[in-house]
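Working notes, structure below.
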Amino acid sequence: MSTPRPADPTAAVKHSLFEDALGILTGTFVISLGLYLLESVSAVTGGTAGLSLLVSYVLPAPFAVLFVLVNLPFFLLAIRMKGWDFTLRTGLSIALVSGFSTLHPAMLGHVEVAPAYGVVAGNVLAGVGLLILFRHRASLGGFNIVALVAQDRLGWRAGYVQMALDTAVVLAAVAVVPPATVLLSVLGAVLLSVILAVNHRPGRYTGY
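Residue numbers (this note's numbering): 12 to 219.
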């Protein structure tokens, strides 16, 4: 009688519906908390979240509304390139981040933190939250979709694609926020992108 072969430890293991739901809830909560810290020091980050923060400093509109509006054009790309499942998960994630972004001010009030700490902690939390979403077949739309499509179709690391796009957004903040805050924001956006590049690489994570 032949001995059964051990299971391949690198084989992909499908997430259950509960795991996906919990992962998306956790990821969006962590991201929204990071964005709250960034907003508390009037900093920005990359992606449509950073773009929405930047616009909220100029227009009398809440981040929660702007974040949804800015992401709408990217949904067509998501549907075409990533399919309905990914798009619906992403839409849910965007809605949750928008909702959570109104929760933190109500629960915590205005927090006073050092700008450097706010930028570093905010981007670390956002990066960790994005990793959770990516591993549950979701994103925050916008540049996340472009970065993931570039990785899937071209083999480019999502983190580096995100870094280039994010840096462009942060540099645009020079017209709105003080130069010192812009410099901190650039460093924070690079930190976020490095977190994604190191931890989200093709073939490294096998859950789906």
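Every residue, glycine too, gets a C-beta built ideally from N, C-alpha and C.
Local Cβ density within 10 Å of residue i, reported as buried at 16 or more and exposed below that
i: residue 118; result: exposed
i: residue 43; result: buried
i: residue 148; result: buried
i: residue 120; result: exposed
i: residue 191; result: exposed
i: residue 141; result: buried
i: residue 176; result: buried
i: residue 194; result: exposed
Chain-order list of residues whose beta-carbon lies under 6 angstroms from that of residue i (same chain, five-residue window excluded)
i: residue 55; result: 61, 64, 65, 181, 184, 196
i: residue 113; result: 75
i: residue 263; result: Nothing about residue 263 can be read from this structure; the chain reaches only from 12 to 219.
i: residue 48; result: 129, 132, 133
i: residue 158; result: 169, 172, 173
i: residue 208; result: 168, 170, 171
i: residue 206; result: 138
Distance, residue j Cα to residue i Cα
i: residue 168; j: residue 76; result: 30 angstroms
i: residue 174; j: residue 133; result: 16 angstroms
i: residue 3; j: residue 198; result: Given a span of 12 to 219 for the chain in the structure shown, any question on residue 3 remains unanswerable.
i: residue 123; j: residue 51; result: 7 angstroms
i: residue 17; j: residue 24; result: With a pLDDT of only 48 at residue 17, under 50, the local geometry of the prediction cannot be trusted, and the value read off the model is given with reservation. When rounded, the distance between both Cα atoms is 15 angstroms.
i: residue 38; j: residue 110; result: 13 angstroms
i: residue 6; j: residue 201; result: Here the chain covers residues 12 to 219 and nothing more, so residue 6 does not appear.
i: residue 27; j: residue 33; result: 10 angstroms
i: residue 68; j: residue 160; result: 30 angstroms
i: residue 221; j: residue 92; result: Shown here, the chain extends from 12 to 219; a query on residue 221 therefore has no answer.
i: residue 189; j: residue 72; result: 21 angstroms
i: residue 126; j: residue 162; result: 33 angstroms
i: residue 172; j: residue 58; result: 11 angstroms
i: residue 211; j: residue 36; result: 19 angstroms
Other residues of its chain near residue i: CB distance less than 7 angstroms, five sequence neighbours each side excluded
i: residue 108; result: 39, 42, 43, 78, 151
i: residue 187; result: 65, 68, 69
i: residue 53; result: 68, 188, 192
Test: residue i CB closer than 8 angstroms to a CB of chain C
i: residue 157; result: Looking for chain C here will not work: only one protein chain is present.
Residues of its chain near residue i, where Cβ-Cβ distance is below 8 angstroms and the 5 sequence neighbours each way are ignored
i: residue 90; result: 98
i: residue 30; result: 147
i: residue 46; result: 56, 60, 64, 74, 108, 112, 133, 137
i: residue 106; result: 79
Using 8 angstroms as the threshold, is the stretch 162-178 in touch with the stretch 95-112, meaning 3 or more CB pairs across them? no
For the 8 angstroms Cβ check, are there 3 or more pairs between the stretch 82-102 and the stretch 138-155? yes
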